[in-house]
Structures are given as structure tokens and as C-alpha cells.
């Protein structure tokens, strides 16, 4: 059975020293975590570009994937300020976050740009973490249709390979509470079905982000493959609590 996935993006909240301190505190707590040790749970951490190498060092010899918060559309060339998927893979990055709502809103990223970044990631063996989600608060059926259409546009022309889809309704990002469980379950289940019928996306997973916290993973059950955490995980104890919850969920799935 596929592991329950828990991911964290640090965005630009931590300076270099603070990030290194966080890596160390998390590493101390997850080094012997039973869920990670057994493979029942998969953890990924996405720091800033400058924090990638310290993260690799802190989590060395641990089953923790290190990611990047963006990736260039090209493999090399005269693209000042960009970082290619090929170079990211070279330093140990295995997952790249693309198409986050903030990138779309603040930097004008389009679905076409996201598709180009997904293609670049897959060409270099880096798993695209494709963020999708409706901007307006729609009903579950309409939200599912909108996000599936966005996902298809965001992977148009990308080579075959598994992806991680993070469903993050824009209206729930940074909110006091996540989207309602019934809403999340309807959309993530629809995304899961869309991926399952795509022969070039075998092995893909669907996770939820957007004010995610404790208890949500248990409530969602089989309708989601994991959670994508933000500021909640700045406290390592909170992250461990979600890893514990993910482990219990994985065990319940095996038992049933």
C-alpha cells in the first residue's frame, strides 16, 4: 500500500540560521519515527533554494525527501536568476513545488508556465508537486470540475511520470480553518479518479493543503493520500503530531 504523505513548505518565513535550527530540531524528532522507519509514512520538506544543502545535510541517512519551491522551465541557458531541475536533481532534490497560488497571483504564472515547469521537472527525474485549487468558494462538484481542468492544463505536454497533486483551494490558504471535510473529500476523490484513469500518471498521489492541521487527516480517511503543511509545522512538535496521525491512518488502512 502507498505511504501516507506529509509535506512541509517553509516558503520564505525562515532566515538561514533559523531554517538550520528547524532542520535540526525536526531531524532529532523524526530520526526514529516508526511511521517513517517502516515506510508507512513519507515526509518531504521544501525549504528555500539556499536552505536546500543544509536540509540535505540535516536529514542525511533519513527517509526524508528534500524539495524546491520552484523550478525553471529550461534545462540550461541564459536565464538569470533561475535554477534548473537538472541542477536541483544534482544536489539531491527529488520534488519540486510548482503552480502555487502565490506564484500564480504574485508572479503571474499561468497554467502553461506550470506545464512547462512540470515537463522540466519530469525530464530531470524530479517529481512535480502541482498545486491546484479554485479561487472562488464553489460547491464540491463545481470545485472538482474546475481543479481537474486546471490539473490537465498544468500537465499538458508533460512527459509520463508520477506527480503529487496538492489540492489547495485559494480561499482556504491562510484561513483560520481548512475547507470543510466533505468539500475536500469530494474534490480530492475526483482528482484521484482523474489520475487513476491517466495511463501516464501511474503512482501519483493527491494531498490536501490550505490551513491543514491536526485531526484533518483522520477525518479525510481514504479520500486523500496525505497533507501539505505550512505555518502549523513551524513548531516541530506539531509536525510530529501529524506524522503520528499519518502513521495511525496508514495502520488502519492495512488493517481494513
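Numbering (this note's numbering), first residue to last: 239 to 494. Every residue, glycine too, gets a C-beta built ideally from N, C-alpha and C. Since we're looking at a predicted model, the values are computed, not measured.
If we ignore side chains and look at the alpha-carbon of each, how far apart do residue 448 and residue 313 end up? Looking up residue 448 in the chain shown gives position 210. Looking up residue 313 in the chain shown gives position 75. Roughly 31 Å between the two C-alpha positions.
Any idea if residue 463 is buried or exposed, counting beta-carbon neighbours within 10 angstroms, 16 or more meaning buried? To locate residue 463, count along the chain shown from 1; it is residue 225. It counts as buried.
For residue 451, which beta-bridge partners are listed by DSSP? Position 213 of the chain shown, counted from the first residue, corresponds to residue 451. Bridge partners of residue 451: none, in fact.
Taking just the CA atoms, how far does residue 366 sit from residue 360? Indexing the chain shown from 1 puts residue 360 at position 122. Indexing the chain shown from 1 puts residue 366 at position 128. For residue 360 and residue 366, the distance between alpha carbons rounds to 7 Å.
Taking the alpha carbon of residue 452 as the reference point, which residue from 436, 472, 432 and 477 has its own alpha carbon closest? Residue 452 sits at position 214 when you count from the first residue of the chain shown. That would be 477, whose Cα lies nearest to the Cα of residue 452.
Take residue 393 as the anchor and find which of 282, 475, 353 and 315 has the nearest alpha-carbon. The sequence position of residue 393 within the chain shown is 155, counting from 1. Per the Cα distances, 353.
So which of 459, 484 and 397 has the shortest CA-CA distance to residue 438? Residue mapping note: residue 438 aligns to position 200 of the chain shown, counting from 1. Ranking 459, 484 and 397 by Cα distance to residue 438 puts 397 first.
Whole angstroms is fine: what's the gap from residue 291's alpha carbon to residue 271's? For the purposes of this step, residue 291 is identified with residue 53 of the chain shown, where counting begins at 1. For the purposes of this step, residue 271 is identified with residue 33 of the chain shown, where counting begins at 1. Each residue's alpha carbon lies about 23 Å from the other.
Residue 386 - containing beta strand (DSSP E), residue span: Position 148 of the chain shown, counted from the start, is the residue given in the question as residue 386. Careful: residue 386 lies outside any beta strand (DSSP E), inside the alpha helix (DSSP H) at 378–392.
To the nearest angstrom, how far is it from the Cα of residue 322 to the Cα of residue 493? As a first step, residue 322 must be located in the chain shown, where it is residue number 84. As a first step, residue 493 must be located in the chain shown, where it is residue number 255. Straight-line Cα distance between these residues: approximately 42 Å.
Give me the Cα-Cα distance between residue 344 and residue 338, rounded to the nearest whole angstrom. Reading the chain shown from its first residue, position 106 is the one you call residue 344. Reading the chain shown from its first residue, position 100 is the one you call residue 338. The alpha-carbon atoms of residue 344 and residue 338 are separated by roughly 10 Å.
Please name the residue in 261, 280, 268 and 266 whose C-alpha comes closest to that of residue 239. On the chain shown, position 1 is the one that residue 239 refers to. For the residues 261, 280, 268 and 266, the minimum Cα distance to residue 239 belongs to 280.
Cβ neighbours of residue 260 in the same chain (closer than 8 Å, five flanking residues each side left out): Locating residue 260 in the chain shown gives position 22, where the first residue counts as 1. Correct list, in chain order: 248, 252, 472 and 474.
Burial state of residue 317 (16 or more Cβ within 10 Å): The residue you call residue 317 lines up with position 79 of the chain shown. The residue in question, residue 317, is exposed, as its Cβ has fewer than 16 Cβ neighbours within 10 Å.
Flag this pair as yes or no: are the beta carbons of residue 243 and residue 333 separated by less than 8 Å? Taking the first residue of the chain shown as 1, we reach residue 243 at position 5. Taking the first residue of the chain shown as 1, we reach residue 333 at position 95. Not closer than 8 Å, so no.
How should residue 350 be labelled, buried or exposed, when 16 other C-beta atoms within 10 angstroms of its C-beta is the threshold for buried? As a position in the chain shown, residue 350 is number 112, starting the count at 1. By the 10 Å Cβ count, residue 350 comes out exposed.
Limits of the alpha helix (DSSP H) - the one that residue 179 falls within: Missing from the structure shown is residue 179; the chain here goes from 239 to 494 and no further.
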